[in-house]
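*Asks:* Each residue of the sequence shown is one higher than the one before, starting from 1 at the first, in the UniProt record's numbering.
What follows is a structure written as structure tokens; I'll ask about it next.
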Amino acid sequence: MESGHKKSHSKFSDIQGSLPSPQHRQNVPQVPSPSDQKSGSSFLSRYLCCLYCCIFLVVFVAVLLACYLYTMYKPQIPTYGIDNLSVKTFNLMKDSSLSTEFDIVVRATNPNEHISLVYRKDSSVVVTYSDSELCSGKLPVFRQQVLNATLMKLVLKGESEFRSGLQKALMDNRQAGNIPLIVRLKVPVSIVLWGVPLRQIVVHVDCSLEVDNLHPGKKTKILYSDYSYDVRV
Numbered sequence: 001m002e003s004g005h006k007k008s009h010s011k012f013s014d015i016q017g018s019l020p021s022p023q024h025r026q027n028v029p030q031v032p033s034p035s036d037q038k039s040g041s042s043f044l045s046r047y048l049c050c051l052y053c054c055i056f057l058v059v060f061v062a063v064l065l066a067c068y069l070y071t072m073y074k075p076q077i078p079t080y081g082i083d084n085l086s087v088k089t090f091n092l093m094k095d096s097s098l099s100t101e102f103d104i105v106v107r108a109t110n111p112n113e114h115i116s117l118v119y120r121k122d123s124s125v126v127v128t129y130s131d132s133e134l135c136s137g138k139l140p141v142f143r144q145q146v147l148n149a150t151l152m153k154l155v156l157k158g159e160s161e162f163r164s165g166l167q168k169a170l171m172d173n174r175q176a177g178n179i180p181l182i183v184r185l186k187v188p189v190s191i192v193l194w195g196v197p198l199r200q201i202v203v204h205v206d207c208s209l210e211v212d213n214l215h216p217g218k219k220t221k222i223l224y225s226d227y228s229y230d231v232r233v
């Protein structure tokens with residue numbers, strides 16, 4: 001009896017000795033249960049759904065607001081015209097260079113009843129003859145009130161090469177009393193509503209003119225004018 005008890009105790013000691021000690025045992029990773037996986041994916045789905053709903057709501061409100069403002073205030077682009085043009089200097093040099101100085105009066109009209117305009121500094125006014133630049137200048141920086149027409153007196157100056165072919169064409173136009181010119185305006189303006197500048201647009205205007213002469217000191221008559229517009233945001 002005693003020997004049998006000793007044998008069983010010895011076997012238990014052998015089994016216990018074969019087991020790894022606690023410090024050498026490996027931690028077995030816990031696999032998330034299916035219920036945990038479902039709750040995680042459900043939370044992500046709800047989050048994405050809320051995010052998409054918020055984006056859609058913001059876009060929808062922005063579209064509604066834009067439609068309301070457009071319907072309520074009926075924004076119109078400003079219009080421009082050349083009221084007067086006079087030649088101060090038109091000197092053709094021996095080296096075929098041309099020195100010019102024009103005085104022009106630009107009429108800017110804001111037809112909007114609720115929207116004022118702020119004219120920015122990066123404007124340009126260029127006078128060309130047969131795609132050759134004669135002179136250039138800038139518009140003043142100012143704020144134009146609603147339902148307002150403003151006359152801007154500009155001094156345009158330039159020095160450019162004037163080839164012999166252009167000289168002959170200009171001489172023929174002078175003799176005919178009909179000289180075609182193009183005045184190109186680049187007008188950056190900020191739209192102001194309720195006293196707050198909202199956004200900036202750039203109005204490009206091509207003014208096709210025909211004048212009777214380009215003699216310095218002689219009154220220049222505008223025989224014909226036509227305007228085309230392009231607005232860029």
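Think of the CB as a built atom: it goes at the ideal place given N, C-alpha and C, for glycine as much as any other residue.
Assuming residue 101 and residue 155 form a contact by the criterion Cβ under 8 Å, report the distance between their Cβ atoms to the nearest whole angstrom.
*Replies:* At roughly 7 Å, the Cβ-Cβ gap stays under 8 Å, so residue 101 and residue 155 are in contact.
*Asks:* In terms of residues, what are the limits of the alpha helix (DSSP H) holding residue 171?
*Replies:* 164–176 is the span of the alpha helix (DSSP H), which, as asked, contains residue 171.
*Asks:* Quick one: residues in its chain with C-beta nearer than 7 Å to the C-beta of residue 123, no 5 flanking neighbours on either side, listed in chain order?
*Replies:* Contacts found: 138, 139, 186, 187 and 188.
*Asks:* Would residue 112 be called buried (16 or more neighbouring beta carbons within 10 Å of its own) or exposed?
*Replies:* Buried, because 16 or more other Cβ atoms sit within 10 Å of the Cβ of residue 112.
*Asks:* How big is the Cα-Cα spacing for residue 129 and residue 85?
*Replies:* Distance between the alpha carbons of residue 129 and residue 85 is about 14 Å.
*Asks:* Using DSSP with H/G/I as helix, E/B as strand and the rest coil, what is residue 107?
*Replies:* Residue 107: strand per DSSP, three-state reduction.
*Asks:* Going by the beta-carbon positions, is the gap between residue 149 and residue 89 smaller than 8 Å?
*Replies:* The answer is no: Cβ separation not under 8 Å.
*Asks:* How many whole angstroms separate the CB atoms of residue 230 and residue 223, which I take to be in contact at a CB cut-off of 8 Å?
*Replies:* Contact doesn't hold; Cβ gap of about 25 Å is too wide.
*Asks:* Quick check on this structure: which residue in 136, 141, 87 and 204 has the alpha carbon closest to the alpha carbon of residue 79?
*Replies:* For the residues 136, 141, 87 and 204, the minimum Cα distance to residue 79 belongs to 204.
*Asks:* For a quick check, are the C-beta atoms of residue 146 and residue 181 less than 8 Å apart?
*Replies:* No, they are not a contact pair.
*Asks:* Return the first residue and the last residue of the beta strand (DSSP E) that residue 136 is part of.
*Replies:* 132–137 is the span of the beta strand (DSSP E), which, as asked, contains residue 136.
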